[in-house]
Amino acid sequence: MKNLRIIFSVSLIAVTLFIQSCQKNEPNSAQSDTGILPARFKVEIPASLSSAATTTKSASATNADTIKGNAIYQNLKTFIAVGEGAGDIVEKIIGAIALYHIDRPMVLSYQSNDDNRVKNLVVKENIEYNGRTWRYMLTIADAASEGEADGGKAMQILWNPTPIEGIAILRPYNIDRDKNKASLDATLRIEYSEIATNDYDSHMIVDIANLPLPDARIDQFALHSLKMFVGKKGNNVDVYGNSDHPNAKFFTESAGFDWAFAASGLTAENIGVAEVGIPPSTLDNSTRKVLLDDYSIKNVLTIQINKWYFDITSFHIDATELSKYLQNADAPGYFDNAGFIQAGKSPDAKYDALASRIKLLTPFNPKSVNELTIDFK
């Protein structure tokens, strides 16, 4: 059973470095006058649900023969952090280009402090895109690459200023060709809105496609694409979506799994509840029962471990032993700011409303996330 703990301890160093390499060490939009640029472009997610760091807390999983709750859920928090990091990238770049006093339609060129290449910046008004008119569109392109198939486009933001709503598309390779040489086709798209609805005061949808995949022998759980919704209503933040891992394996040789998740948290209390399924990456299904019940962590790992054990011994594994080992794979998982607390049973009544909220959230179709593409206007 030790193998499973090793599998789940695989870090996402490559993805974390990719996100960090896109962020600029210049003032963000909250620290500078953004002119006509949007002052915000993301929804904050409680740390109980989003963290690139591995935590060690686990109140109910201390036995060596019991899989630790963090071992199951720590990757989920990392994947959510990757999606949130995409929003950070947009805000930081907006803060950086705000230094050029973007206060009207304009055209200018500048030399990037990152890869020392000339970038062209164009701001236009009243642009049609996705069946509607946007007040402004800003496009940044790598000047020497504008004749290439992608037009050298590094970033494109379409937005309306009041209330803030917009779409941002980024190609990190064209932002900084020195740091992102291995990410030639990686593309990010953020849709953000502060137009209130009955369900949410603000929301964002994050798409990430074509992240580079390292050798599966180095990181078989590397993330290739992600689609995530984040909605905020008062103190509540709901998160649902999928991350695609084409090389992922557990105990058998079956490869290609999707982290399908639904989570909800309270910002002030910094607590959260999450439910996770791990269907095949190419599964063509959009129903909550299939994604989170039929392909729940416990169901998938039970099948995988039974097959692995039978292939080795020609006997079925003891059901009591397996149930004990997977007790922290029960759904949902409960978190606070220090990490995973326990699974299946609520540790406190303050979590009950969150456990009810996630029952109304459904991840996306795994096949559509596996085949995700992102194009500029």
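Heads up: take any position in the sequence shown, counting from 1, add 829, and you land on the numbering used here.
Glycine residues also receive a C-beta, built at the ideal position from the N, C-alpha and C atoms.
Determine the DSSP secondary structure at residue i, reduced to helix, strand or coil.
{"i": "PRO1195", "result": "helix"}
{"i": "THR1202", "result": "coil"}
{"i": "ASP1122", "result": "helix"}
{"i": "ASP1067", "result": "strand"}
{"i": "GLN940", "result": "strand"}
{"i": "ALA1091", "result": "strand"}
{"i": "ALA1045", "result": "coil"}
{"i": "PHE908", "result": "helix"}
{"i": "GLU1020", "result": "strand"}
{"i": "ARG946", "result": "coil"}
{"i": "LEU878", "result": "coil"}
{"i": "ARG961", "result": "strand"}
{"i": "LYS1174", "result": "coil"}
{"i": "ILE1187", "result": "helix"}
{"i": "ASP979", "result": "coil"}
{"i": "ALA1025", "result": "coil"}
{"i": "ASP787", "result": "Outside the shown range of the chain (830 to 1206) lies residue 787, about which nothing can therefore be said."}
{"i": "ASP1073", "result": "strand"}
{"i": "SER1031", "result": "strand"}
{"i": "GLU913", "result": "helix"}
{"i": "ILE922", "result": "helix"}
{"i": "SER1054", "result": "strand"}
{"i": "LYS1078", "result": "coil"}
{"i": "ALA1103", "result": "strand"}
{"i": "ALA1084", "result": "coil"}
{"i": "ALA868", "result": "coil"}
{"i": "ASP1113", "result": "coil"}
May I have the straight-line CA-CA distance separating residue i from residue j, to the nearest angstrom?
{"i": "ASN942", "j": "TRP988", "result": "26 Å"}
{"i": "ALA1184", "j": "GLY1106", "result": "16 Å"}
{"i": "GLU1150", "j": "VAL1066", "result": "37 Å"}
{"i": "ASP1147", "j": "ASP1140", "result": "15 Å"}
{"i": "LYS886", "j": "LYS906", "result": "Here LYS886 scores only 47 on pLDDT, less than 50, and its place in the model should not be relied on; the value that follows carries that caveat. Cα to Cα, LYS886 sits roughly 14 Å from LYS906."}
{"i": "SER879", "j": "GLY1168", "result": "10 Å"}
{"i": "ASN1009", "j": "ILE1100", "result": "35 Å"}
{"i": "HIS1032", "j": "THR1142", "result": "51 Å"}
{"i": "GLY864", "j": "PRO934", "result": "11 Å"}
{"i": "GLN1049", "j": "ALA1077", "result": "5 Å"}
{"i": "PHE1080", "j": "ALA1045", "result": "15 Å"}
{"i": "SER1152", "j": "TRP1088", "result": "22 Å"}
{"i": "VAL872", "j": "ALA915", "result": "11 Å"}
{"i": "ASN1114", "j": "SER1197", "result": "9 Å"}
{"i": "TYR1154", "j": "ALA1172", "result": "13 Å"}
{"i": "PRO856", "j": "ASP917", "result": "Here PRO856 scores only 38 on pLDDT, less than 50, and its place in the model should not be relied on; the value that follows carries that caveat. Rounded to whole angstroms, PRO856 to ASP917 spans 12 Å at the Cα level."}
{"i": "ASP971", "j": "TYR965", "result": "20 Å"}
{"i": "ILE1047", "j": "VAL951", "result": "41 Å"}
{"i": "ALA876", "j": "THR1016", "result": "25 Å"}
{"i": "VAL1119", "j": "SER1093", "result": "20 Å"}
{"i": "ALA1051", "j": "PRO1043", "result": "7 Å"}
{"i": "ASN955", "j": "ILE969", "result": "17 Å"}
Would a C-beta distance cut-off of 8 Å place residue i and residue j closer than the cut-off?
{"i": "SER1054", "j": "ASN1199", "result": "yes"}
{"i": "VAL947", "j": "ALA925", "result": "no"}
{"i": "TYR902", "j": "ALA1103", "result": "yes"}
{"i": "PHE908", "j": "SER1072", "result": "yes"}
{"i": "PRO990", "j": "ALA1011", "result": "no"}
{"i": "TYR1029", "j": "PHE870", "result": "no"}
{"i": "PHE1086", "j": "PRO1109", "result": "yes"}
{"i": "ALA1025", "j": "ASN1064", "result": "no"}
{"i": "ASN1003", "j": "ALA978", "result": "no"}
{"i": "LYS1127", "j": "ALA1158", "result": "yes"}
{"i": "VAL1059", "j": "ILE874", "result": "yes"}
Give me, in chain order, the residues of the same chain whose beta-carbon lies closer than 6 Å to that of residue i; leave out the 5 immediate sequence neighbours on both sides.
{"i": "ASP1014", "result": "ASN1039"}
{"i": "SER858", "result": "Per-residue confidence for SER858 stands at a pLDDT of 37, beneath the threshold of 50, marking its modelled position as unreliable; no derived number is given."}
{"i": "THR1191", "result": "ARG1117"}
{"i": "GLY912", "result": "VAL1035, LEU1055 and MET1057"}
{"i": "ARG1018", "result": "ILE998, ASP1036 and ILE1203"}
{"i": "GLU975", "result": "GLY981"}
{"i": "LEU1121", "result": "GLU1104 and GLY1106"}
{"i": "LEU1095", "result": "ASN1064"}
In its own chain, which residues sit with a C-beta less than 7 Å from the C-beta of residue i, not counting the 5 before and 5 after it?
{"i": "LEU1201", "result": "ASP1036, ALA1038, SER1054 and LYS1056"}
{"i": "SER1125", "result": "GLY1106 and ALA1160"}
{"i": "ILE1170", "result": "ALA888, TYR1163, PHE1164 and PRO1176"}
{"i": "ALA1182", "result": "none"}
{"i": "GLU1023", "result": "PRO992, ILE993, GLU994 and SER1031"}
{"i": "LEU846", "result": "Annotation note: pLDDT 41 at LEU846 (below 50); position unreliable, coordinate value reported separately. So the list is empty, once near-sequence residues are dropped."}
Once the 5 residues before and after residue i are set aside, which same chain residues still bring their CB inside 8 Å of it?
{"i": "HIS1145", "result": "ASN1135, TYR1138 and PHE1139"}
{"i": "ASP932", "result": "GLY864 and ILE865"}
{"i": "SER938", "result": "VAL947, LYS948, ASN949, LEU950 and ALA972"}
- Query: Which residue spans inside the stretch 981-1017 form an unbroken beta strand (DSSP E) run of at least 3?
  - Reply: 982-989 and 994-999
- Query: Which runs of the alpha helix (DSSP H) spanning at least 4 residues fall entirely within the stretch 1122-1166, listed in chain order?
  - Reply: 1126-1142 and 1148-1154
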